[in-house]
Each structure stands twice: as C-alpha cells, then as structure tokens.
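Participant:
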Amino acid sequence: MVHTLEEENDSVDKSISQDIADLKFQLQKLIVGQENALEKTVITLIAGGNVLLEGVPGVAKTLLARSLAASINSSFSRIQFTPDLLPSDITGTVVFNLKSNEFSTVFGPVFHQIILADEINRAPPKVQSALLEAMQEHQVTIQGTTYPLPSPFFVIATENPLESEGTYPLPEAETDRFMTKIVMTLPSIDDEIVIMERFCGERVPQAEPVLSIEKILALQNSVRKIHANAKIHHYIAEIVGATRTASPVITIGASPRASIGLLMCSKAHALLNGRDYVIPEDVIHVSMEVLRHRIRLSFEAQLDGITPDTVIKDILTTVSIP
Numbered sequence: 001m002v003h004t005l006e007e008e009n010d011s012v013d014k015s016i017s018q019d020i021a022d023l024k025f026q027l028q029k030l031i032v033g034q035e036n037a038l039e040k041t042v043i044t045l046i047a048g049g050n051v052l053l054e055g056v057p058g059v060a061k062t063l064l065a066r067s068l069a070a071s072i073n074s075s076f077s078r079i080q081f082t083p084d085l086l087p088s089d090i091t092g093t094v095v096f097n098l099k100s101n102e103f104s105t106v107f108g109p110v111f112h113q114i115i116l117a118d119e120i121n122r123a124p125p126k127v128q129s130a131l132l133e134a135m136q137e138h139q140v141t142i143q144g145t146t147y148p149l150p151s152p153f154f155v156i157a158t159e160n161p162l163e164s165e166g167t168y169p170l171p172e173a174e175t176d177r178f179m180t181k182i183v184m185t186l187p188s189i190d191d192e193i194v195i196m197e198r199f200c201g202e203r204v205p206q207a208e209p210v211l212s213i214e215k216i217l218a219l220q221n222s223v224r225k226i227h228a229n230a231k232i233h234h235y236i237a238e239i240v241g242a243t244r245t246a247s248p249v250i251t252i253g254a255s256p257r258a259s260i261g262l263l264m265c266s267k268a269h270a271l272l273n274g275r276d277y278v279i280p281e282d283v284i285h286v287s288m289e290v291l292r293h294r295i296r297l298s299f300e301a302q303l304d305g306i307t308p309d310t311v312i313k314d315i316l317t318t319v320s321i322p
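In the UniProt record's numbering, the protein residues as written are 1 to 322.
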C-alpha cells in the first residue's frame, strides 16, 4: 500500500462493490488474460467516460465490447470505420417517404447505449469528428434538429498500432475526449492454452446479463458521490501539471480534461475497492490509462525509445505522494 493519507473507516454499500465484481467476473469468463483491460474498461464505464482500445488484431477488442453490452443488457452497435464512410452513416439522415409524402428521420448506429467504433483511425477526420462530437455533447443534430442520445452512452473505439497505411491518426483535441486509452497485449502461452480449451470445446461460453442499465446508471451516480479531499485534488493537479512543464521530451502535455478524467477514474477505482473516499493509490493505479494518449513526445525522444508510459512512470516517482 502506498497511500499515506489518514485512514478512514467509511465504506460503500457492499452490494455496490458486488455489482462491479459480478460484472468483472462475467467478462473474465469470456476474455482470458486481459484482466487490466477488463478492469480499466469497467472503471471508465462507471466513471462516465469513453475508452480507446489499442491492440493488434485478435486480442479480443471486439469480444470485449460485445460481452460488456450483453452483460449489462444494453443496446449495442458496431460501426466499421472505413475511408468511404460519411458522417450521416453514423448519425443518421432525413429521407423523403414516397408513401406518406413527408420527410422522416432515419437514426444512425450512434443511437445505441454501447458503440464499438472499430478501427476509428481508418475514417477521415470529418467522420471521426461526428462520433467524437456525439461523445462530448451526448446529442446529435440531424438536419437542424437535435436528438438526445441514450443513457448510458459508452463508446469503445479501437485502433491497430501496427498499421499506418490508409489511416487518419486522431488529432490531439479528439484523443483528449477519450477518458482512457487501454493497451491490449497478446496473451501468454498459458492464457492462449486456456483460450483454446474454452472456445474450441462443445460448449462455448456466452455472455449473460448480470447487471441492468438502471444499475449501471446507479453506479455512475455512486462514483460522483465518492469523496476526494483537497490533498487528492492537489496531487492530481501536480501530476497533470508535470506533463506540461518545459521539457525536451514532451511537446504537448495533458489538458484540464485529463485532471477531470483522472479524478473520476480514481473515484471509480475507490468504489471498486469498497471505499467511499479516494487515496493516492487510486490515482496511481489509473494514471497510465488516463494520461498516455494525451502526451505528445518530441521526435528526438521517440528516436531514443522514450514512450508516454515511460514519461508517466517518471512523473509518478517524482511527484510527492500526499
């Protein structure tokens, strides 16, 4: 344990922590060897954010999105991003109905509770912006009329780190709208054996609803009630501020949106662990996922093999723990 704040005895209702544990357990039945990705995705969901998953093909990014939707009994939509996609293909459009002789609105796939934006960096910026605007505003405007999106509204975007041909890298202002970026790695040999045994037998596991949409909304509300004192606020501000200091390594640091995301994810992690207050350990635990996509490194730093994760680790060891 790394926290040094004065211990408190307050804890949350055990049923709340059990709900989150049940969701994680359900996902672990279907997805092997990605415990960190599962936990951080659930944290992002109950923190009210959106997540960017990075990983090579075959590491269960799509399976994670589908399994999560099935586990909370939510509506689900998968959008395959391609170079010829149009913004209206995502948001919807207005068409003229010859039978009724009037215009009607056709809603796009964004009008679902969980959205899988598959290979988001393969669509041109105008299309990316259509989804990212919906993420930010939780509403969509079609031909001058604004429509609210369902609640909860959770976007899981994916990208392949190995392919650059035919892709449109997300600009800094757009990646900043994702609360977290989670890297999904290839499984170990032992995990791969479990995957084969689990999915090549007579009974392939299927996702089952373990939580309702109402419980997810209640969890999101519970996260906002988690207490974070002034020392925690200052600690988060120092960590995020350290990414902006003049440095030959960092060219662009994290925005205030990172501070909000770091606090909300810290609260969600505290709730996950049965506490109604945040400790420094919560902040440290989620810092990598909240910050890594918000930091841009100099060309020289990249040539030297320095990564955003390296910089974040250095910052966490430099900033004093309250």
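Every residue gets a Cβ at the ideal spot worked out from N, C-alpha and C, and that includes glycine. Fair warning: this is a prediction, and the values are worked out from it, not measured in the lab.
(1) Residue range of the beta strand (DSSP E) that N160 falls in?
(2) Relative to the C-alpha of Q206, which candidate in D13, L52 and Q26 has its C-alpha closest?
(3) Could you round the C-beta distance between L23 and S75 to whole angstroms and report it? I think they count as a contact, below 8 Å.
(4) Let me check understanding here. Comparing Cα to Cα, which of V106, L262 and E39 lies closest to N273?
(5) What's the call for H227, buried or exposed, on a 16-neighbour Cβ count within 10 Å?
(6) With distance defined between alpha-carbon atoms, name the residue in V56, T44, V127 and I195 nearest to Q80.
(7) Within 10 angstroms of its Cβ, does S67 collect 16 or more other Cβ (buried), or is it exposed?
(8) Could you tell me which whole beta strand (DSSP E) segments of length 3 or greater appear in the UniProt domain "AAA+ ATPase" (47-188)?
(9) With a 10 Å radius around its C-beta and 16 neighbouring C-beta atoms as the bar for buried, classify N121 as buried or exposed.
(10) Does any residue of chain C bring its CB to less than 8 Å from the CB of E174?
(11) How big is the Cα-Cα spacing for T145 and T310?
(12) For D304, count neighbouring C-beta atoms within 10 Å of its own C-beta (all shown protein chains included) and say buried if the count is 16 or more, exposed if not.
(13) Do V249 and L316 come within 8 Å of each other at the CB atom, strictly closer than that value?
(14) Assign L5 to one of three DSSP states: helix, strand, or coil.
(15) Are L64 and T41 close, meaning C-beta to C-beta below 8 Å?
(16) Going by beta carbon distance, what residues of the same chain come within less than 6 Å of Y147, once the five residues before and after it are set aside?
(17) Helix, strand or coil for R198, going by three-state DSSP, please let me know.
(18) Looking at C-beta atoms only, is the number of pairs between the segment 44-59 and the segment 182-196 that lie closer than 8 Å three or more?
(19) Kindly identify the DSSP beta-bridge partner or partners of L297.
(20) Just the Cα atoms here: how many angstroms apart are A117 and S77?
(21) Run through the segment 215-291 for me and flag every whole beta strand (DSSP E) of 3 or more residues, listed as ranges in chain order.
(22) Of all the options G49, V283, E197 and T158, which has the alpha carbon lying nearest to the alpha carbon of Q136?
(23) Only counting the same chain, and skipping five residues up and downstream in sequence, which positions put a Cβ closer than 6 Å to that of E238?
(24) Give a yes or no on whether the C-beta atoms belonging to I43 and L219 are separated by under 8 Å.
(25) Helix, strand or coil: which one does DSSP assign to T307?
(26) Using alpha carbons as the reference points, say which of T91, D191, R177 and Q18 lies closest to Q34.
(27) Leaving out the 5 sequence neighbours to the left and right, which residues in its chain are closer than 7 Å to L162 when beta-carbon positions are compared?
Facilitator: Reading from the atomic positions:
(1) In the DSSP assignment, N160 falls outside any beta strand (DSSP E) and carries neither an H nor an E.
(2) Among D13, L52 and Q26, the Cα nearest to that of Q206 belongs to Q26.
(3) Contact doesn't hold; Cβ gap of about 17 Å is too wide.
(4) Selected option, being the one with the closest Cα: E39.
(5) Exposed is the call here.
(6) In this structure, V127 is the residue among V56, T44, V127 and I195 with its C-alpha nearest to the C-alpha of Q80.
(7) S67 is buried by the Cβ-count criterion.
(8) Counting whole runs of 3 or more residues, the UniProt domain "AAA+ ATPase" (47-188) contains the beta strand (DSSP E) stretches 51-54, 76-80, 92-97, 102-107, 114-118, 139-142, 145-148, 154-159 and 180-183.
(9) It is buried - the Cβ of N121 has at least 16 other Cβ atoms within 10 Å.
(10) Among the chains in the structure shown there is no chain C, since it carries only a single protein chain.
(11) So the alpha carbons of these two residues sit roughly 46 Å apart.
(12) Flag for D304 reads exposed.
(13) No. Outside cutoff.
(14) Because L5 sits at a pLDDT of 46, beneath the cut-off of 50, its placement in the model cannot be relied upon, and the following sentence gives the value as read from the coordinates. Residue state for L5 is assigned as coil, using DSSP reduced to three classes.
(15) Pairing L64 with T41 gives a Cβ-Cβ distance under 8 Å.
(16) Excluding residues within five positions, the ones whose Cβ falls inside 6 Å are V140.
(17) Three-state DSSP puts R198 in a helix.
(18) These segments touch.
(19) Looking at the DSSP assignment, L297 forms a beta bridge with I250.
(20) Approximately 9 Å, taken between the alpha carbons.
(21) If we require 3 residues or more, the beta strand (DSSP E) runs fully inside the segment 215-291 come out as 250-252.
(22) Shortest Cα-Cα distance from Q136 to any of G49, V283, E197 and T158 involves G49.
(23) Closer than 6 Å at the Cβ level, and outside the excluded window around E238, lie V319.
(24) No; because the gap between Cβ atoms is not below 8 Å, this pair is not in contact.
(25) Secondary structure of T307 (DSSP, three-state): coil.
(26) Nearest C-alpha to Q34: D191.
(27) Its chain contains V56 as the residues whose beta carbon lies nearer than 7 Å to that of L162, once the 5 sequence neighbours on both sides are disregarded; these appear in chain order.
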